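**Student:** Have a look at this one.
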Amino acid sequence: MNKKIGLFWLRDDFRFIKNHGLIEATSKHNQVVVFYLYKKDIYSDQEAQKWWLSKSLSNFKKKLNELNISLEIVETHSFKIFFDSLLKKKDFAIYWNKVYEPDYLKFDEYLLKILKNKNIIHKRFKGNALNEIHEVKKGDGTPFKVFTPFWRTAEKFFSEKIPPKERAIKKCINKKNYFKNCINAEKILPKKDWFKNFEKIWCPDELHALKELQNFVKERITNYSEGRNFPNIVGTSKLSPFIKFGQLHVETIWDECIKKKSKTIGTSKFLTEIGWREFNHSLINHFPHMLKSNYSKKFDKFPWQKNSKFLNAWKKGLTGYPIVDAGMRELYSTGWMHNRVRMIVGSFLVKHLLINWKEGEKYFRNCLLDYSPASNVAGWQWVAGCGADAAPYFRIFNPILQGEKFDKEGEYVKRWLPELKDLSKKFIHKPWELKDEKFKLGRDYPYPIVKHEEARLKALNAFKKI
Ligand SMILES: Cc1cc2nc3c(=O)[nH]c(=O)nc-3n(C[C@H](O)[C@H](O)[C@H](O)COP(=O)(O)OP(=O)(O)OC[C@H]3O[C@@H](n4cnc5c(N)ncnc54)[C@H](O)[C@@H]3O)c2cc1C
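If you count by the numbering used here, then the sequence shown holds residues 801 to 1266, one letter each, in order.
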């Protein structure tokens, strides 16, 4: 055992299983301190995630306490300033896992170099991914830009790996505190308490995540291929926030899926979605410009329109298109939105309203509990048509037909738009066609802010300009 204190830098790894850095720290040191660096500016536009983060920290702290490990939260403006000060000490060794985002990986390089120069014991481990970014490349060594060949290669590469021996976390001899001026997890909570509803729906904790995963594999994965399209039912796993914050490692998900004796179409489809997450991480690391601007440069000339009235109506779920409005209200109320509806509301913003995808990306970033830079920018650019392997811009979702196809009875719409609860199936996705004294458009529900056919033609004309 090493006499020095073992520090574990906690980032998106709120778990014991497959938390390689933390496991290593407890195997090498009798005393371990886990620390989280809270950078306010990172979370300044991720309000919903402040709730998930705060709860994850409190829950993880309790679990770590049982193992005589303390969790300390340090507020800092800069990782560099924090580490420059920490590295004046020499009484510790440090461990952490990768986060597959360019800024984190760049900082890792800086940190690895100075730790080496100062002769401080350290080790960085694989993060929450199936493969390392550099492991999946085309035959000529260049990165994949198309999903299907990427996933074919990535899936094969991962399934042929010899799984490392599973190691478990160890209990420490006694608990120690290390950092000064730490803050409480409650300090991170958003100022406004709109998030109270989240508490009724989510439980940001590893054990809970594992139960949800097992339940999904047992009950829903077989029908996932079909079920995932319908927002009125729980057809998907709803594991995304747990994956983002690392309560679940994607390898654990893989293991649980292949444990099932017969691999169904549902299982393959589900693992393909995990593949999209891997693809998005590969993209942002090979093409980091896409985190801030269009992956496809030709979209830099797209004639986006600024229209705060339209943008606000979209955010509030008051566009007059029920499926769009239901999605936006689900997002605000629960911190999550069904994938099909994310595509519909996204398409509506960039194509019907001609508003830059960056506005949608920003709003999602603030409201999604599962917000991840890779999947959010890639998702938005997929919808807008400017991403890698994206939906072509000229394929414009019709919000009425989408509603009628994927929410046939209007159950999803009625759940989120109580003002439409008495409408029949015939009118639920086009309430403007209803002529009934009891229901008045403009009073009970907004008029559509744009007309679908006109907006579609306008979008196609705008696209012609690029
Ligand atoms: C405009 C837009 C923005 C998005 N922003 C995000 C985001 O910030 N964070 C995020 O995790 N996902 C994002 N997605 C992808 C997808 O909508 C969510 O991952 C999914 O809805 C989460 O629900 P689930 O856990 O039930 O998914 P499931 O269908 O059960 O899928 C399992 C897991 O696979 C991954 N996954 C599924 N679909 C996708 C996808 N299309 N792209 C990448 N990974 C996927 C997620 O980790 C998900 O938890 C976005 C999609 C769009 C269209």
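Where is the CB? At the ideal position from N, CA and C, for every residue including glycine.
Remember, predicted model here, so these are calculated numbers, not experimental data.
Does the CB of residue 1058 have a neighbour CB from chain C at under 9 Å?
**Tutor:** No chain C appears in this structure, which consists of one protein chain only.
**Student:** Using the beta-carbon of each residue, find all residues closer than 6 Å to any heavy atom of ligand 1 and list them in chain order.
**Tutor:** With the cut-off at 6 Å, the residues found are 1028, 1036, 1037, 1038, 1039, 1040, 1043, 1044, 1073, 1074, 1076, 1077, 1080, 1139, 1142, 1143, 1146, 1164, 1168, 1170, 1171, 1172, 1175, 1176, 1179, 1180, 1183.
**Student:** May I have the straight-line CA-CA distance separating residue 996 from residue 1238, to the nearest angstrom?
**Tutor:** Here the question's residue 996 lines up with position 196 in the sequence shown. Here the question's residue 1238 lines up with position 438 in the sequence shown. Their Cα atoms are separated by approximately 34 Å.
**Student:** Is residue 1248 closer than 9 Å to residue 1119 when the C-beta atoms are compared?
**Tutor:** Sequence index remark: in the sequence shown, residue 1119 carries index 319 (1-based). Sequence index remark: in the sequence shown, residue 1248 carries index 448 (1-based). Their beta carbons are under 9 Å apart, which means residue 1119 touches residue 1248 by this criterion.
**Student:** Assuming residue 951 contacts residue 1075 under a Cβ cut-off of 8 Å, what Cβ separation, rounded to an integer in Å, is found between them?
**Tutor:** Walking along the sequence shown from the start, residue 951 turns up at place 151. Walking along the sequence shown from the start, residue 1075 turns up at place 275. With 8 Å as the limit, residue 951 and residue 1075 qualify as a contact, their Cβ atoms being about 4 Å apart.
**Student:** Can you tell me whether residue 824 is buried or exposed? The criterion is at least 16 other CB atoms within 10 Å of its CB, across all chains shown.
**Tutor:** Taking the sequence shown and counting its residues from 1, the one referred to as residue 824 is at position 24. Label assigned to residue 824: buried.
**Student:** Closer than 8 Å by C-beta to residue 1012: which residues in its own chain qualify, once you throw out the five before and the five after it? Chain order, please.
**Tutor:** Your numbering for residue 1012 matches position 212 in the sequence shown. Result list for residue 1012: 1037, 1038, 1039, 1042, in chain order.
**Student:** Helix, strand or coil for residue 837? Go by DSSP, reduced to three states.
**Tutor:** Taking the first residue of the sequence shown as 1, we reach residue 837 at position 37. If DSSP states are grouped into helix, strand and coil, residue 837 belongs with the strands.
**Student:** Kindly list the residues whose CB is nearer than 7 Å to the CB of residue 927, restricted to its own chain and excluding five residues on each side of it in sequence; keep chain order.
**Tutor:** By one-based count along the sequence shown, residue 927 stands at place 127. The residues are 897, 898, 899, 900.
**Student:** Out of 930, 973, 1152, which has the shortest C-alpha to C-alpha gap to residue 1053?
**Tutor:** One-based indexing of the sequence shown puts residue 1053 at position 253. When each option's Cα is compared against that of residue 1053, the closest is 930.
**Student:** Mind checking which residues open and close the beta strand (DSSP E) that includes residue 922?
**Tutor:** As a first step, residue 922 must be located in the sequence shown, where it is residue number 122. Note, residue 922: beta strand (DSSP E), 922 to 925.
**Student:** Does the region 1102 to 1120 come into contact with the region 1151 to 1162, if we say contact requires no fewer than three beta-carbon pairs (one atom in each stretch) closer than 8 Å?
**Tutor:** Touching, per the Cβ criterion.
**Student:** Classify residue 1009 as helix, strand or coil using the three-state DSSP reduction.
**Tutor:** Counting from one through the sequence shown, the residue named residue 1009 turns up at place 209. Correct three-state label for residue 1009: helix.
**Student:** With a CB to CB cut of under 7 Å and the five nearest residues on each side skipped, what residues in its chain are close to residue 1033?
**Tutor:** The residue you call residue 1033 lines up with position 233 of the sequence shown. So the qualifying residues of the chain are 1027.
**Student:** State yes or no: is the C-beta of residue 1187 within less than 9 Å of the C-beta of residue 1178?
**Tutor:** Numbered from 1 along the sequence shown, position 387 holds the residue referred to as residue 1187. Numbered from 1 along the sequence shown, position 378 holds the residue referred to as residue 1178. In this structure, residue 1178 lies closer than 9 Å to residue 1187 by Cβ.
**Student:** Please report how far the alpha carbon of residue 1086 lies from the alpha carbon of residue 1139, in whole angstroms.
**Tutor:** Here the question's residue 1086 lines up with position 286 in the sequence shown. Here the question's residue 1139 lines up with position 339 in the sequence shown. Taking the straight line joining both Cα atoms gives about 25 Å.
**Student:** Locate the alpha helix (DSSP H) running through residue 856, then write down its first and last residues.
**Tutor:** Taking the sequence shown and counting its residues from 1, the one referred to as residue 856 is at position 56. Segment 847 to 865, the alpha helix (DSSP H) holding residue 856.
**Student:** Out of 1088, 1097, 1163, 870, point me to the one whose CA is closest to residue 1117's CA.
**Tutor:** Stepping through the sequence shown from its first residue, residue 1117 is reached at position 317. Considering only alpha carbons, the answer is 1163.
**Student:** Comparing alpha-carbon positions, which option in 1192, 844, 1124, 880 lies nearest residue 990?
**Tutor:** For this step, residue 990 is matched to residue 190 along the sequence shown. The residue with the shortest Cα to Cα distance from residue 990 is 844.
**Student:** DSSP state of residue 1191, grouped into three classes?
**Tutor:** Looking up residue 1191 in the sequence shown gives position 391. DSSP places residue 1191 in coil when its eight states are reduced to three.
**Student:** Could you tell me which whole alpha helix (DSSP H) segments of length 4 or greater appear in the region 877 to 922?
**Tutor:** Those alpha helix (DSSP H) runs which fall completely within the region 877 to 922 and span 4+ residues are 879 to 886, 902 to 917.
**Student:** Counting only the same chain and skipping the five closest in sequence on each side, list residues whose C-beta sits under 6 Å from that of residue 921.
**Tutor:** Working through the sequence shown from its first residue, we reach residue 921 at position 121. Within the same chain, residue 921 has close Cβ partners 893.
**Student:** When you compare only the Cα positions, how much space is there between residue 932 and residue 939?
**Tutor:** The residue you call residue 932 lines up with position 132 of the sequence shown. The residue you call residue 939 lines up with position 139 of the sequence shown. Their Cα atoms are separated by approximately 16 Å.
**Student:** Cα separation between residue 909 and residue 923?
**Tutor:** The residue given as residue 909 occupies position 109 in the sequence shown. The residue given as residue 923 occupies position 123 in the sequence shown. One C-alpha to the other measures close to 12 Å.
**Student:** With a CB to CB cut of under 8 Å and the five nearest residues on each side skipped, what residues in its chain are close to residue 808?
**Tutor:** Residue mapping note: residue 808 aligns to position 8 of the sequence shown, counting from 1. Within the same chain, residue 808 has close Cβ partners 821, 822, 825, 832, 833, 834, 835, 894, 895, 896.
**Student:** Taking the straight line between their C-alpha atoms, what separation do you get for residue 1073 and residue 1025?
**Tutor:** Position 273 of the sequence shown, counting from 1, holds the residue named residue 1073. Position 225 of the sequence shown, counting from 1, holds the residue named residue 1025. The alpha-carbon atoms of residue 1073 and residue 1025 are separated by roughly 11 Å.
**Student:** Measuring straight from C-alpha to C-alpha, what distance separates residue 1007 and residue 1107?
**Tutor:** One-based indexing of the sequence shown puts residue 1007 at position 207. One-based indexing of the sequence shown puts residue 1107 at position 307. Distance between the alpha carbons of residue 1007 and residue 1107 is about 45 Å.
**Student:** Give me the Cα-Cα distance between residue 1216 and residue 1122, rounded to the nearest whole angstrom.
**Tutor:** Start at 1 with the first residue of the sequence shown, and residue 1216 comes out as number 416. Start at 1 with the first residue of the sequence shown, and residue 1122 comes out as number 322. Taking the straight line joining both Cα atoms gives about 9 Å.
**Student:** Tell me, which residues are paired with residue 872 by DSSP?
**Tutor:** Within the sequence shown, the letter at position 72 stands for residue 872. DSSP output for residue 872 lists 835 as bridge partner(s).
**Student:** Go ahead and pull the three-state DSSP assignment for residue 802.
**Tutor:** Taking the first residue of the sequence shown as position 1, residue 802 is located at position 2. Three-state DSSP puts residue 802 in a strand.
**Student:** Strictly by DSSP, which residues pair up with residue 829?
**Tutor:** Locating residue 829 in the sequence shown gives position 29, counting from the first residue. Note: residue 829 sits in a beta bridge opposite 802.
**Student:** Identify every run of the beta strand (DSSP E) within the region 1011 to 1046, keeping only runs that are complete inside it and at least 3 residues long; order them along the chain.
**Tutor:** Counting only runs of 3 or more, we get nothing.
**Student:** Thinking just about the alpha-carbon of each residue, which of 860, 1168, 1225, 1224 is nearest to the one in residue 1129?
**Tutor:** Position 329 of the sequence shown holds residue 1129. Among 860, 1168, 1225, 1224, the Cα nearest to that of residue 1129 is on 1168.
**Student:** Hey, how far is the Cα of residue 1210 from the Cα of residue 1109?
**Tutor:** Within the sequence shown, numbered from 1, the residue matching residue 1210 stands at position 410. Within the sequence shown, numbered from 1, the residue matching residue 1109 stands at position 309. When rounded, the distance between both Cα atoms is 27 Å.
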